[in-house]
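Working notes for the structure below.
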Amino acid sequence: NAGVMQNPRHLVRRRGQEARLRCSPMKGHSHVYWYRQLPEEGLKFMVYLQKENIIDESGMPKERFSAEFPKEGPSILRIQQVVRGDSAAYFCATKRAGTGGLNTEAFFGQGTRLTVV
Amino acid sequence: DQQVKQNSPSLSVQEGRISILNCDYTNSMFDYFLWYKKYPAEGPTFLISISSIKDKNEDGRFTVFLNKSAKHLSLHIVPSQPGDSAVYFCAASARGFGNEKLTFGTGTRLTIIP
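Encoded structure:
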């Protein structure tokens, strides 16, 4: 997990507020994936981004959730008007682009634990 | 629709013995499989992977076996050590179809008894 930085580690928000979760990839990594883990469940894919592009957002809820990965700076997962059901651990994983058929594995950050009160 | 299933929520194994964790999948498009280990309050750590063109991959104490016809894979840890106590997640992707997102199972909590 060393190198993929997520902050904050813990975030408490009241219902209706906005939550911003940040993910700084490892050096040289240009692919970012966001996953959500609800209590007692596995990780669920949310969105896959490359620099300035959303590649796959099939796991993102249709409303209130958005993600970006700008040319400079970390990837941001933004949740507007949070509700209690948004309480979960949010993980990002980053990887470098595969070259020459090499499989490259994604490295996960330590996660942000969001609690909505 | 749980496409990757880990039917054993927990497993206890004596130190020094073999730990066998199982995983089943339903999606025939999955062609790449991974195992991750997770400690509380930390992110998953990659352990070992296997491509669908193989039926076995070994890395030190860890071996993953893939049975494509049964859509089943297993992770063997031998010998098991106390530091192996963690939650283990099986994951799958359909890389050959240009889709590298991971679909995870619900995890198996492994406890190694000293």
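Protein chains in written order, with the working numbering: chain W, 1 to 117; chain Y, 1001 to 1114. Glycine is no exception: its CB is placed at the ideal position from the N, C-alpha and C atoms.
Exposed or buried, what is residue i when buried is set at 16 or more other beta-carbons lying within 10 Å of its beta-carbon?
i	result
A97/W	exposed
V83/W	exposed
R36/W	buried
G28/W	exposed
G16/W	exposed
I1050/Y	buried
D86/W	buried
R13/W	buried
A1091/Y	buried
I1018/Y	exposed
G1043/Y	buried
Is the CB of residue i under 9 Å away from at least one CB in chain W?
i	result
Y1025/Y	no
I1071/Y	Residue identity differs from the one stated: residue 1071/Y is Lys in this sequence, not Ile. Judged by the 9 Å Cβ criterion, K1071/Y is not in contact with chain W.
K1068/Y	no
P1044/Y	yes
E1058/Y	no
Quick one: is residue i near chain Y, going by C-beta distance under 9 Å?
i	result
F69/W	no
H28/W	The residue you asked about is not His; residue 28/W is Gly in the sequence shown. By this cut-off, G28/W is not an interface position.
G111/W	yes
F65/W	no
A106/W	yes
In terms of DSSP beta bridges, what is residue i paired with?
i	result
K1056/Y	F1065/Y
H31/W	Q50/W and K95/W
Q1014/Y	I1113/Y
Determine the contact status of residue i and residue j, defining contact as a CB-CB distance below 9 Å.
i	j	result
L1047/Y	Y1032/Y	no
T1108/Y	Q1002/Y	no
F69/W	V4/W	no
R78/W	A1041/Y	no
M46/W	A67/W	yes
G1083/Y	I1113/Y	no
Comparing alpha-carbon positions, which option in the options lies nearest residue i?
i	options	result
S1052/Y	G1083/Y, S1012/Y and V1064/Y	V1064/Y
V1004/Y	I1112/Y, L1073/Y and D1084/Y	L1073/Y
E41/W	A89/W, H31/W, T94/W and I76/W	A89/W
L21/W	F91/W, K95/W and A106/W	F91/W
L1021/Y	Y1039/Y, E1100/Y, L1102/Y and S1010/Y	S1010/Y
M60/W	S1012/Y, L1110/Y and K1101/Y	K1101/Y
R64/W	Q81/W, Q50/W, N7/W and I54/W	Q81/W
F1030/Y	K1056/Y, R1095/Y and C1023/Y	R1095/Y
V1078/Y	L1066/Y, E1058/Y and D1024/Y	E1058/Y
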